[in-house]
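Below is one structure, written out as C-alpha cells; comments come after it.
Number of protein chains: 2
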Amino acid sequence: MKLDFSPVECCDSVEIHESLLKIVDEKMPPEDELYDLAELFKIFGDSTRIRILFVLFEAEVCVCDLARALNMTQSAISHQLRILKQSQLVKSRREGKSVFYSLADDHVRTIISQGLEHVEE
Amino acid sequence: MKLDFSPVECCDSVEIHESLLKIVDEKMPPEDELYDLAELFKIFGDSTRIRILFVLFEAEVCVCDLARALNMTQSAISHQLRILKQSQLVKSRREGKSVFYSLADDHVRTIISQGLEHVEE
DNA sequence: TGAACATATGAACGATTGTTCATATGATGA
DNA sequence: TCATCATATGAACAATCGTTCATATGTTCA
Chain U
0 MKLDFSPVEC
10 CDSVEIHESL
20 LKIVDEKMPP
30 EDELYDLAEL
40 FKIFGDSTRI
50 RILFVLFEAE
60 VCVCDLARAL
70 NMTQSAISHQ
80 LRILKQSQLV
90 KSRREGKSVF
100 YSLADDHVRT
110 IISQGLEHVE
120 E
Chain X
0 MKLDFSPVEC
10 CDSVEIHESL
20 LKIVDEKMPP
30 EDELYDLAEL
40 FKIFGDSTRI
50 RILFVLFEAE
60 VCVCDLARAL
70 NMTQSAISHQ
80 LRILKQSQLV
90 KSRREGKSVF
100 YSLADDHVRT
110 IISQGLEHVE
120 E
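Read top to bottom, the protein sequences are chains U and X.
Under numbering that gives the first Met the number 0, read the first sequence as residues 0 to 120, first letter to last.
Under numbering that gives the first Met the number 0, read the second sequence as residues 0 to 120, first letter to last.
Laid out in C-alpha cells, this is it:
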C-alpha cells in the first residue's frame, strides 16, 4: 500500500480530489462498521447458509431435519449454524436431544429479499 | 454427502420431515437463483468493495481518484472494479485517459443500507 | 450406569479470495 | 511516432473458507 501524494496530481484535477476526500471523511461509515457490514454480507455469500435461512423463514427446525431437507451432512449444517448463530442471525433452543433453530429477527428476511429482487430482474 | 434414509427416522417425527420437504420444494428458490443470490452477497462481503460503493453512492469517480481516496493501489482497485462491473453493480465510462465509474442502479444502495441497519443496532 | 441418539467441534483438505508485482493495453499530446 | 499517463490484467502468494472425518459433548431411556 504505497502512496505518493506528489505535487503533480494524476487526473490533474486537484479540486475533485479534495471534494472526494471530503466525501470519504463525511459520508463513509467508520472503519469498524464497514468491517461488520462486510462480515454480515459474507455470511449471506454462501448458498448453504442461504438455503438454511430460507428453510428457517418458514419454520423452526432441528439440525437433523435441516440436514436431511438440504441433503447435507449433519456436521456441515452444524458448522454453518454456528456461523449463523455467532452473527446473531439465528437463535437456538434445546428440546430434549434435539436443538431447534429459528430466525433471530426479521431483518434477515428483508436483506435477502432485497437481494433476490436484484437477482431476479 | 452420504445420506441414509433408513426406515428409522432420526428426530422420530416423520410428519415434520414430510412438511419440511414440502417447504423446501415450494418455497425454496431454484438452484441457480440461490447461487446467484449467494454470488451477489459475496460481492458485498469485502470491505474494499463496500468502500468503493460508498464513494460511488456520492459521486462518479475515476480509478485513480478512487485509489487515492481509499488509500489503495490502482491495481487493487481496478481488480475490484472489474468484479463489481461483472456483477453489474457498477458501470464505467471512458473520458480521455480516465475511466469513470458509477453505480449501475439504485438497488445496491437499498441492500447496503438494509445491511447497515442490521449492523448498527 | 450404559447404550443409543442428536448435536458440536477440532484438524485437515482442497478450493477460492484479495492483494501485489510486473507488464500489457489504451489514449493523449508533443 | 514516442513518451507519458491512466487503466487493465495475468501470475503468484498468503489468507480465508466450506466440507469431511473422527470424535467429543449432551440428553434420554432402559
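Even for Gly, the Cβ is constructed at its ideal location relative to N, Cα and C.
For Ile51/X and Leu36/X, which I take to be in contact (beta-carbon distance under 8 Å), what is that distance rounded to the nearest angstrom?
That pair is no contact at about 21 Å.
Determine the burial state of Ala68/X: buried for a count of at least 16 other Cβ atoms within 10 Å of its Cβ, exposed for fewer.
It is buried - the Cβ of Ala68/X has at least 16 other Cβ atoms within 10 Å.
Contact set for Val121/U: own chain, Cβ-Cβ below 7 Å, skip 5 residues either direction
Chain U is shown from 0 up to 120; residue 121/U falls before or after that span and cannot be answered.
For His78/X, is the classification buried or exposed, using 16 other Cβ atoms within 10 angstroms of its Cβ as the cut-off for buried?
exposed
Let me check understanding here. Comparing Cα to Cα, which of Asp24/U, Val118/U, Ile82/U lies closest to Ser86/X?
Ser86/X has its Cα closest to that of Val118/U, out of Asp24/U, Val118/U, Ile82/U.
The alpha helix (DSSP H) enclosing Ser112/U, as first and last residue numbers
Membership of Ser112/U in the alpha helix (DSSP H) is indicated by the continuous run 106-119.
Cβ neighbours of Ser74/X in the same chain (closer than 7 Å, five flanking residues each side left out):
none
So, Val54/X versus Ile76/X, is the Cβ gap smaller than 8 Å?
no
Less than 8 Å between the beta carbons of Val23/U and Leu19/X, yes or no?
no
Nearest-angstrom Cβ-Cβ length linking Met71/U and Thr47/U, presumed shorter than 8 Å:
7 Å
Tell me, which residues are paired with Lys90/U by DSSP?
DSSP, once it has assigned bridges, lists Ser101/U as partnering Lys90/U.
With distances taken from CA atoms, which of Lys21/U, Glu14/U, Glu32/U, Ser97/U is nearest Gly114/X?
The residue with the shortest Cα to Cα distance from Gly114/X is Glu32/U.
Can you check whether the CB of Phe43/U is closer than 8 Å to the CB of Leu102/U?
no
Return yes when the Cβ of Ser97/U is within less than 8 Å of the Cβ of Cys10/X, no when it is not.
Yes, the pair counts as a contact, with Cβ atoms nearer than the cut-off.
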